[in-house]
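Sequence order for the protein chains is A and B.
Going by the UniProt record's numbering, the residue at position 66 of the first sequence is 66; the numbering climbs one at a time, nothing skipped.
Going by the UniProt record's numbering, the residue at position 50 of the second sequence is 50; the numbering climbs one at a time, nothing skipped.
Since the structure comes first, as structure tokens, the remarks are kept for the end.
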Amino acid sequence: MIVVKWFFLILSVLSTVTAWAENLPSLISGSHSAGQLQNGKQALKNMVTAMQTLNYQGTVAFLRDGKLEPMRYSHAVNNGQEQEHLLSLNSPLREVVRETGKVSCLYKATHQLVVDQRPFERSFLVNMPTDLAQLDAAYDIEMQGEESVALLPANVVAIKPKDGLRYGRKIWLSQQWALPLKVEVYGLSGEIVEERLFTELQVKDNLPFIAMPPATNTPPAATNATAPQQAAFTFSSLPKGFTEVFFSRQPIHVAEQPVDHVLLSDGLASVSIYMEPRNNTPPPVNNSTEGVQTIDAINFFSHAQGNYQITVMGEVPPETIRLIADNVRLR
Amino acid sequence: MNDELNQKTSQFLDDELPHDQALALLQKMRTNAALAEKLQRYAAISHALKTEQFIALRPDFSAQISARLEAEPAYLLPRPKPAAKRSYQWLALAASVAVLSVVAVRSLPLLGQHSPNANPATLQIAQHAAVPTLPHSPVTTVARSNTEQPLNARINDYLQAHNGSAYADNQQLQSMARLTAYNQK
Chain A
1 MIVVKWFFLI LSVLSTVTAW AENLPSLISG SHSAGQLQNG KQALKNMVTA
51 MQTLNYQGTV AFLRDGKLEP MRYSHAVNNG QEQEHLLSLN SPLREVVRET
101 GKVSCLYKAT HQLVVDQRPF ERSFLVNMPT DLAQLDAAYD IEMQGEESVA
151 LLPANVVAIK PKDGLRYGRK IWLSQQWALP LKVEVYGLSG EIVEERLFTE
201 LQVKDNLPFI AMPPATNTPP AATNATAPQQ AAFTFSSLPK GFTEVFFSRQ
251 PIHVAEQPVD HVLLSDGLAS VSIYMEPRNN TPPPVNNSTE GVQTIDAINF
301 FSHAQGNYQI TVMGEVPPET IRLIADNVRL R
Chain B
1 MNDELNQKTS QFLDDELPHD QALALLQKMR TNAALAEKLQ RYAAISHALK
51 TEQFIALRPD FSAQISARLE AEPAYLLPRP KPAAKRSYQW LALAASVAVL
101 SVVAVRSLPL LGQHSPNANP ATLQIAQHAA VPTLPHSPVT TVARSNTEQP
151 LNARINDYLQ AHNGSAYADN QQLQSMARLT AYNQK
């Protein structure tokens, strides 16, 4: 029996040594990983530059929560001015233009034009911060090999969250132009939460700017972006990497009172916090408001705080939504 | 109508169908099983013509496999546990130590999060497990189904205000009339 005991003891020691030996190269090559991180970040920098300076068009499939929305996409640049244009291929037919922080959406069937000021967003494809260093606190960025998308060779960049309070992403960058051919957002279990991909892409020397139909009356100012310090609430603490990037106080519902809206961002993920007086308005959800709920891969949580209804919403895990909601403090 | 569809399916397989029509055809196939089956048949014919190699399967091939799987007996009775003897306790302990050592050491690169070949799914699970539980905030995620209740208008408004790209990938926004919307004459 003693022989058997010794046999297994030696076996365990040998297993340990073997495992260490197997992992030795990866442990030694720590500098290689750092290099990969650097390359990943550089690849994203190149992507941002390419997205801003090239004229390109193609068909993009937007997939979210099992729904597919194919759209014609184009990006044009002229004298430093950029314009993004989307045209839906399926009903409801609509045309969307982003230009200098303003998004205009024209619904063809109803001739309804929706205008929004969105100075904090830059692209329908993938929103990256101006300074990529903003991602350092919450994400690791690294190269993950090569694949093909829409028959175009691409480098894969993985953006991995450092904690479980935000989602990971992968971006497939065209090797020829550094443009994002495909973007995937992963949930905490690795499932795809959202996907955007070009089914075909062309880069042109020039592309025309699309003119939206002239307005017959002037739309009211959509959003007055002011300092977040003016909001009627603040946060006792925020998840790592998240900062306040936008604040507006305006009626969000037709002919109703103003709503305070603060937008938080960690550079990639964004979370909105809305506060409005409760008055006699019913709670914004018909069923239980006890937990975090999901609509189209966006999680939200709404609860009463004093005489106000606070709603937190974003493309982040439910834990993050609840953590932020728990840290809202009225001024 | 059928002829047109047949022609489009054929063009699709030959990569001659315009992109928007191809997308429409693929979407139609999602709801039309017969059309999807037809595409499969055409693909098989095309493959056979191009390669001169084709293994013909009987139409009920998959049904037969399913039937045989269903005919497999289900083992519901719990298996009797072998009586643990004291003499094997040392063996179990030593084996456990060996397995734990291997698992612990192999998981080191994941903890560093720099493994270039790390599967995102695996990585995400590892990170999720590391998140401390939030005090006083039990999270119950309620997946919302469109059939359960109509989309609340207020949440719709918030959704649009939150997400500019919702114009691109949310077809339900059309019903929403924000203050910024107006009718064009």
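Every residue, glycine too, gets a C-beta built ideally from N, C-alpha and C.
Asked                                                                                                                                 : Found
Best match in A:E315, A:M51 and A:E319 for proximity to L181 of chain A [C-alpha to C-alpha]                                          : A:M51
L197 of chain A - partner residues in DSSP beta bridges                                                                               : A:A61 and A:K182
Own chain partners of T53 of chain A with C-beta closer than 7 angstroms, once the 5 adjacent residues on each side are dropped       : V77
is_contact[M275 of chain A, chain B] using C-beta, thresh 8 angstroms                                                                 : no
First through last residue of the beta strand (DSSP E) which encompasses P70 of chain A                                               : K67 to N78
Extent of the continuous beta strand (DSSP E) to which A153 of chain B belongs                                                        : That residue, A153 of chain B, is in no beta strand (DSSP E); its alpha helix (DSSP H) goes A153 to H162.
Cβ-Cβ separation, A231 of chain A to V262 of chain A (assumed contact under 8 angstroms), whole Å                                     : 5 angstroms
Cβ-based burial, I65 of chain B [other Cβ within 10 Å; buried from 16]                                                                : exposed
Chain-ordered neighbours of E200 of chain A on chain B, where CB pairs are closer than 9 angstroms                                    : H19
Validate contact between the region 314-329 of chain A and the region 293-305 of chain A using beta carbons, cut 8 angstroms, 3 pairs : yes
Any C-beta of chain B under 8 angstroms from that of M313 of chain A                                                                  : yes
Backbone secondary structure at E37 of chain B - three-state DSSP                                                                     : helix
Where Y167 of chain A sits in the DSSP three-state scheme                                                                             : coil
Rounded distance between the beta-carbons of L63 of chain A and E195 of chain A, thought under 8 angstroms                            : 4 angstroms
Cβ-heavy atom distance, E276 of chain A to the ligand MG, below 7 angstroms                                                           : For the ligand MG, the structure offers nothing, since it holds no ligand at all.
Interface partners of T59 of chain A on chain B, CB under 7 angstroms                                                                 : H19
Cβ neighbour criterion (16 or more within 10 Å) applied to F247 of chain A                                                            : buried
Length of the line joining the Cα atoms of D65 of chain A and V193 of chain A                                                         : 7 angstroms
Contact with chain B by I252 of chain A, beta-carbon distance below 8 angstroms                                                       : yes
Chain-ordered neighbours of H75 of chain A on chain B, where CB pairs are closer than 9 angstroms                                     : Those within 9 angstroms of H75 of chain A in chain B number zero; the least Cβ separation is about 13 angstroms.
Residue range of the unbroken alpha helix (DSSP H) whose run includes H12 of chain B                                                  : The sequence as given places Phe at residue 12 of chain B; His does not occur at that position. Taken as a continuous stretch (DSSP letters only), the alpha helix (DSSP H) holding F12 of chain B covers N2 to L13.
Spatial neighbours of R94 of chain A in its chain, beta-carbon cut-off 7 angstroms, leaving aside the 5 residues before and after     : S88, C105, L106, Y107 and K108
Cα-Cα separation between R41 of chain B and S10 of chain B, rounded to whole angstroms                                                : 11 angstroms
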